[in-house]
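First residue of the sequence shown: 2, per the working numbering; consecutive thereafter.
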Amino acid sequence: MTRTGTATVVKHTGSHYLLSELPQWELFPAVIRGRIRLKGSSSTNPVAVGDLVDYSIDTDSAEPMGNIEAIHPRRNYIIRRSANLSRESHIIASNLDRVFLIVTMAFPEVKQAFVDRFLVTCEAYRIPVVILINKTDLTREFMQEQTEDFENIYRGAGYEVMEVSARTGENIEALRDMCRDSVSLFSGVSGVGKSSLIKALDPTLEVRTGEISLSHLQGKHTTTFYEMHPLSSGGFIIDTPGIRGFGIVDIEKEELSTYFPEMLRVMDDCRYKPCTHTHEPGCAVKQAVDDGLISAERYNSYLGMLEDERKYR
Ligand code: GDP
Ligand code: ZN
Numbered sequence: 002m003t004r005t006g007t008a009t010v011v012k013h014t015g016s017h018y019l020l021s022e023l024p025q026w027e028l029f030p031a032v033i034r035g036r037i038r039l040k041g042s043s044s045t046n047p048v049a050v051g052d053l054v055d056y057s058i059d060t061d062s063a064e065p066m067g068n069i070e071a072i073h074p075r076r077n078y079i080i081r082r083s084a085n086l087s088r089e090s091h092i093i094a095s096n097l098d099r100v101f102l103i104v105t106m107a108f109p110e111v112k113q114a115f116v117d118r119f120l121v122t123c124e125a126y127r128i129p130v131v132i133l134i135n136k137t138d139l140t141r142e143f144m145q146e147q148t149e150d151f152e153n154i155y156r157g158a159g160y161e162v163m164e165v166s167a168r169t170g171e172n173i174e175a176l177r178d179m180c181r182d183s184v185s186l187f188s189g190v191s192g193v194g195k196s197s198l199i200k201a202l203d204p205t206l207e208v209r210t211g212e213i214s215l216s217h218l219q220g221k222h223t224t225t226f227y228e229m230h231p232l233s234s235g236g237f238i239i240d241t242p243g244i245r246g247f248g249i250v251d252i253e254k255e256e257l258s259t260y261f262p263e264m265l266r267v268m269d270d271c272r273y274k275p276c277t278h279t280h281e282p283g284c285a286v287k288q289a290v291d292d293g294l295i296s297a298e299r300y301n302s303y304l305g306m307l308e309d310e311r312k313y314r
């Protein structure tokens, strides 16, 4: 008998996919027999972790293997360019409810330029971001002022920011609540405490960290397998081993400011359209910076990104 249904892709092993009808966690394997590339996409893996797919499966078979028939439209996704210089890209995860960007005021230093680039990328991908400031047990006494400055900048821009400590468990229960009934991606530079936080959320989880290099097998590619994990307190997480996984996105100079939520809110009032918010008279963004409504730090990041954009052209 053939059974059909709709399930979420939770893992890609290279040879097949593992599906589960979330929120249930009962995995079964599936393959793609026909070609079901999404129209207009040059992606090398048409099906990504997080995709909602229609499948069929022959339940009479001794070893039932599902067949992926169709991919539902994606709410959002993140991609990564292939390692070679081709224009191919690789969708690494889709249908994310949020990304947790983990930073710390302790070690390692997380540069603001990096944070702002990351946030712009998430805006471009239409993925909500929550910033977690980890290791507060180390910074509570000595870095309180820096922590508050950071929080003011990013809350002012419109982001949710939460202080956590994987060590002491501060706000871990709040983090569990956020994760419930949703799919969250964890990201941050190596050493900020990504795996420690995931372990604190659910000590039973075995989350592999670090990239798996297949270079000895394939010559030049480094492949990272992304995978979804169920939290025992509810919800699902995807770990990104290292920040390299998070793709670069082509952003036109004219649209860059639309990925700064605090600029997007006021740019309608700029006298000239389009406005680069650099030299134009009557610019509402520059006015907001002067009035202290937009942080000078964020505005400088914006100018830095515009400058880089010019250099690479
Ligand atoms: P990852 O590379 O982002 O996965 O970082 P890890 O989870 O491996 O943590 C890097 C280092 O920071 C380890 O030595 C952890 O013990 C330490 N660490 C992680 N979270 C905390 C925290 O909340 N407080 C303190 N004091 N150390 C932490
Ligand atoms: Zn302007």
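Positions of the beta carbon are idealized from the N, C-alpha and C atoms, including for glycine. None of these values were measured; they are calculated from a predicted model.
Ligand 1 heavy atom lying under 6 Å from the CB of residue i
| i | result |
| --- | --- |
| R177 | no |
| N301 | no |
| G157 | no |
| K112 | no |
| V116 | no |
Residue i, DSSP secondary structure in three states
| i | result |
| --- | --- |
| E70 | strand |
| K136 | coil |
| K112 | coil |
| P275 | coil |
| K221 | Confidence in K221 is poor, its pLDDT being 39 and thus under 50, which makes the residue's placement unreliable; the coordinate value appears in the next sentence. Of the three classes helix, strand and coil, the one that applies to K221 here is coil, per DSSP. |
| R299 | helix |
| F187 | strand |
| V48 | coil |
| L97 | coil |
| L19 | strand |
| M229 | strand |
| F261 | coil |
| R4 | strand |
| F29 | strand |
| I80 | strand |
| D182 | coil |
Distance cut-off 6 Å: residue i Cβ against heavy atoms of ligand 2
| i | result |
| --- | --- |
| C123 | no |
| V48 | no |
Close-in-space but distant-in-sequence residues of the same chain around residue i (CB under 8 Å, 5 per side omitted)
| i | result |
| --- | --- |
| D61 | M2 |
Own chain, CB closer than 7 Å to residue i, minus 5 neighbours either side, in chain order
| i | result |
| --- | --- |
| T169 | D138 |
| L176 | V165, L202 |
is_contact[residue i, chain C] using C-beta, thresh 7 Å
| i | result |
| --- | --- |
| E64 | In summary, chain C is missing from the structure at hand, where a single protein chain is found. |
Self-check item: the region 270-282 contacting the region 133-145, beta-carbon criterion three pairs below 8 Å
Solution: no
Quiz item: Contact between the region 49-57 and the region 260-268: three or more CB pairs below 8 Å?
Solution: no
Quiz item: Is there contact between the region 293-312 and the region 185-193, where contact requires at least three CB pairs shorter than 8 Å?
Solution: no
Self-check item: Residues near ligand 2, criterion Cβ-heavy atom distance below 6 Å
Solution: M268, C271, C276, H278, E281, C284, A285, V286
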